[in-house]
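Just so we're aligned: 486 in our numbering is position 467 of the sequence shown, and the numbers increase by one with no gaps anywhere. The C-beta atom is built at its ideal place from N, Cα and C for all residues, glycine as well.
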Amino acid sequence: MIEAGTATADMLDFLSTCLCYGVSIGVAGGTGSGKSTLMSVLFGLYQPDGGEILLNGKKVKINNPNDANALGIGMVHQHFKLVEVFSVLDNIILGVEPSYAGFIKRKEAEKKLTQVSKKYGLNVEPNAIVEDISVGMQQRVEILKMLYRENNILIFDEPTAVLTPQEIEELMVIMKNFAKEGKSILFITHKLNEIKLVADRCTVLRKGRLVGTVDVKSASKEELSKMMVGRDINFAIEKKAIEKGEKILEVKGLSVASKLHKNNAVKNVTFDVYAGEILCIAGIDGNGQTELGYSIIGLEKPVKGNIIFQGKDITRRPIRERSARGMSHIPEDRHKYGLILDFSLEENLVLARYWQPEFQKAKLIRFKNVRKYAQKLIDAYDIRSGRGAVASTRSMSGGNQQKAIVAREIDKEPQLLLAVQPTRGLDVGAIEYIHKMLVNVRDSGRAVLLISLELEEVINVADRILVIYEGEIVAELDPRKTSMQEIGLYMSGAQRQSQFQHEEVKHEKA
Numbered sequence: 020m021i022e023a024g025t026a027t028a029d030m031l032d033f034l035s036t037c038l039c040y041g042v043s044i045g046v047a048g049g050t051g052s053g054k055s056t057l058m059s060v061l062f063g064l065y066q067p068d069g070g071e072i073l074l075n076g077k078k079v080k081i082n083n084p085n086d087a088n089a090l091g092i093g094m095v096h097q098h099f100k101l102v103e104v105f106s107v108l109d110n111i112i113l114g115v116e117p118s119y120a121g122f123i124k125r126k127e128a129e130k131k132l133t134q135v136s137k138k139y140g141l142n143v144e145p146n147a148i149v150e151d152i153s154v155g156m157q158q159r160v161e162i163l164k165m166l167y168r169e170n171n172i173l174i175f176d177e178p179t180a181v182l183t184p185q186e187i188e189e190l191m192v193i194m195k196n197f198a199k200e201g202k203s204i205l206f207i208t209h210k211l212n213e214i215k216l217v218a219d220r221c222t223v224l225r226k227g228r229l230v231g232t233v234d235v236k237s238a239s240k241e242e243l244s245k246m247m248v249g250r251d252i253n254f255a256i257e258k259k260a261i262e263k264g265e266k267i268l269e270v271k272g273l274s275v276a277s278k279l280h281k282n283n284a285v286k287n288v289t290f291d292v293y294a295g296e297i298l299c300i301a302g303i304d305g306n307g308q309t310e311l312g313y314s315i316i317g318l319e320k321p322v323k324g325n326i327i328f329q330g331k332d333i334t335r336r337p338i339r340e341r342s343a344r345g346m347s348h349i350p351e352d353r354h355k356y357g358l359i360l361d362f363s364l365e366e367n368l369v370l371a372r373y374w375q376p377e378f379q380k381a382k383l384i385r386f387k388n389v390r391k392y393a394q395k396l397i398d399a400y401d402i403r404s405g406r407g408a409v410a411s412t413r414s415m416s417g418g419n420q421q422k423a424i425v426a427r428e429i430d431k432e433p434q435l436l437l438a439v440q441p442t443r444g445l446d447v448g449a450i451e452y453i454h455k456m457l458v459n460v461r462d463s464g465r466a467v468l469l470i471s472l473e474l475e476e477v478i479n480v481a482d483r484i485l486v487i488y489e490g491e492i493v494a495e496l497d498p499r500k501t502s503m504q505e506i507g508l509y510m511s512g513a514q515r516q517s518q519f520q521h522e523e524v525k526h527e528k529a
């Protein structure tokens, strides 16, 4: 049983829960609900202010991850904890290397790894360098780290965030098999479909408190979502038939340099976006979609190619000019590019227009007008901050921070809304809200360019899908005529449509 008080930045308010061997528990909740804090306490990354942890009926103290591993508790983090220049074997045995006279007994370690990987069907190449293997294979290495240490309580923190549909299906089977063998599974996710697939029970947290634990078989997706956010959620995305208008954005032969390696992150990408449509760029994280979005909004300069916005070449134009011409941006990192956390809510709401005469006179801010405008957006977009317009943005929940960005960017009535992973880390209620806002922009006859890692979102929201793999567009798909499995094949590089074959080579010859 766990009972914990305040733990670092998040809050766990006298939360109690228990876990039995051979049981898989899904841990669900919105942003700031305490899911990750609870798991971090169990793994020794955070220390609780109160309460106790009992293991097999005995009180235990977990000061650090080494203590957790010694007690049989392992964790696969959302962002992998691997040394990329090390081999698979070196990563798995790091910290528990078998040795003799100061030398690592590599053959013994490799033999044990081979036995473990065969037992669980998690085949890996022990001598492969981690940075050279796929993301799905890297996650397999993280799982093998737990199994090599003979952990019996396995924590998975948002494990499907960077996987293809095929890799997700494989992981679901692996997790089920662990539970059948008698291992205990704690599975943090905001994807209710995955909880229904894997978990025996689901524990729902809200604002650091335990809302309840339910049997997954008897609970519907709608019931789980209501527990998470406290109200009914409409999962159906309603939008009128597409009425494609004029061309708003043209991207021609665009290449963008990578900050991580010598090759370009974006390679000769060409596409158009039209008024009245939602075009979605789908792909596994790290395949160039971030750099593509940055170049369109002006945060990155392309090494070649052109960006045409409403008939004008803006490739080298500054961000403010792009904004003034009718381009809005919901960034994937709201803290780094979307908000100034130490500013008030009202100050953040006018960031995109504070220089306009309505809000400034003789270089002095007209605070009454700022307050009036901010209050209008707060009411219209249901932004909840506790103290209204003067609230510190830092104190707001992730969902309400995102609502503030959405309100600011959509209220500009842009001709193009670039939304990059707009629902990342949000609960189902906030996701429902964001989707409605994107559809409203589209239905008003304006263009939306959505960059998303969430395939369910891609299928449900998009009118047209482009799949990006290793910086290149490899497929154009109609969401009404495709499946998540088919998209996954293109995302993994297993397939490529004929019209996108060798685009970079053809461009270089031209």
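Scanning its chain for C-beta atoms nearer than 7 Å, with the 5 sequence neighbours on each side dropped, one finds around A410 the residues S363, L364, S404, in chain order. By the CB criterion at 8 Å, I162 and V95 fall inside the cutoff. The alpha-carbon of E377 is positioned some 13 Å away from that of A393. Using a C-beta cut-off of 8 Å, the region 434 to 454 makes no contact with the region 366 to 380, since fewer than three inter-stretch Cβ pairs fall below that distance. Residue V458 holds the alpha-carbon nearest to the alpha-carbon of E296 among R353, V230, V458. Residues of the same chain with a CB within less than 6 Å of the CB of L436, apart from the 5 flanking positions on each side, are S347, V460, V467 in chain order. Relative to V285, the option among A294, N479, V292, S274 whose CA is nearest is S274.
When the five nearest sequence neighbours on each side are left out, the beta carbons in the same chain lying within less than 7 Å of the beta carbon of V143 are those of V107, S136, M156, R159, V160, L163, in order along the chain.
Distance between G490 and L182, taken at the CA atoms: about 17 Å. In this structure, L173 is the residue among P117, L211, R344, L173 with its C-alpha nearest to the C-alpha of N196.
Straight through space, the alpha carbons of V217 and Y139 are spaced by roughly 17 Å.
By the Cβ test, the region 262 to 271 is not in contact with the region 242 to 253, since fewer than three Cβ pairs between them sit closer than 8 Å. Bridge pairing for C39: absent [DSSP]. Closest in C-alpha terms to G312, from the list F122, E351, N171, comes E351. For R413 against L360, the beta-carbon gap comes to about 4 Å, under 8 Å, which counts as contact.
Residue pairing by DSSP places K80 opposite no residue, since no beta bridge is assigned to it. Within the DSSP bridge table, the entry for S59 names no partner. Inter-residue distance for K320 and T334 is about 8 Å (C-alpha atoms, whole angstroms). DSSP places L132 in the helix class (H, G or I) of the three-state scheme. Taken through DSSP and simplified to helix, strand or coil, L224 comes out as strand. Inter-segment contact for the region 288 to 304 and the region 471 to 482 is present: three or more beta-carbon pairs are separated by less than 8 Å.
Shown here, G407 sits in a helix according to DSSP, grouped into three states.
In this structure I338 is exposed. Its beta-carbon is surrounded by fewer than 16 other beta-carbon atoms within 10 angstroms. Under the DSSP assignment, V270 falls outside any alpha helix (DSSP H), being part of the beta strand (DSSP E) whose first and last residues are 266 to 276.
In the pairwise beta carbon analysis, the region 227 to 235 is classified as not touching the region 62 to 79: fewer than three pairs are separated by under 8 Å.
About 6 Å separates the Cβ atoms of G307 and I487, confirming a contact at the 8 Å cut-off.
Positions of the alpha helix (DSSP H) runs, each at least 4 residues long and wholly inside the region 337 to 413, are given as 338 to 343, 364 to 368, 386 to 399 in order along the chain. Non-local C-beta neighbours of P498 in its own chain, meaning closer than 6 Å and more than five positions away in sequence, comprise I478, A481, I484, ordered along the chain. The shortest C-alpha to C-alpha distance from H209 to any of I506, I315, L445, D401 is the one to L445. Closest in alpha carbon position to Q518, among E495, T501, K500, M503, is E495.
As a beta-bridge residue in DSSP terms, I172 pairs with I92, S203. M58 is positioned such that its CB atom lies closer than 8 Å to that of I207. E262 counts as exposed, since fewer than 16 other C-beta atoms from the protein chains shown sit within 10 angstroms of its C-beta. In the assembly as shown, D109 is a buried residue. Its beta-carbon has 16 or more other beta-carbons within 10 Å. Rounded to the nearest whole angstrom, the CA to CA distance from N388 to Q375 is 11 Å. If you look at R483, you'll find it in the beta strand (DSSP E) that goes 483 to 488.
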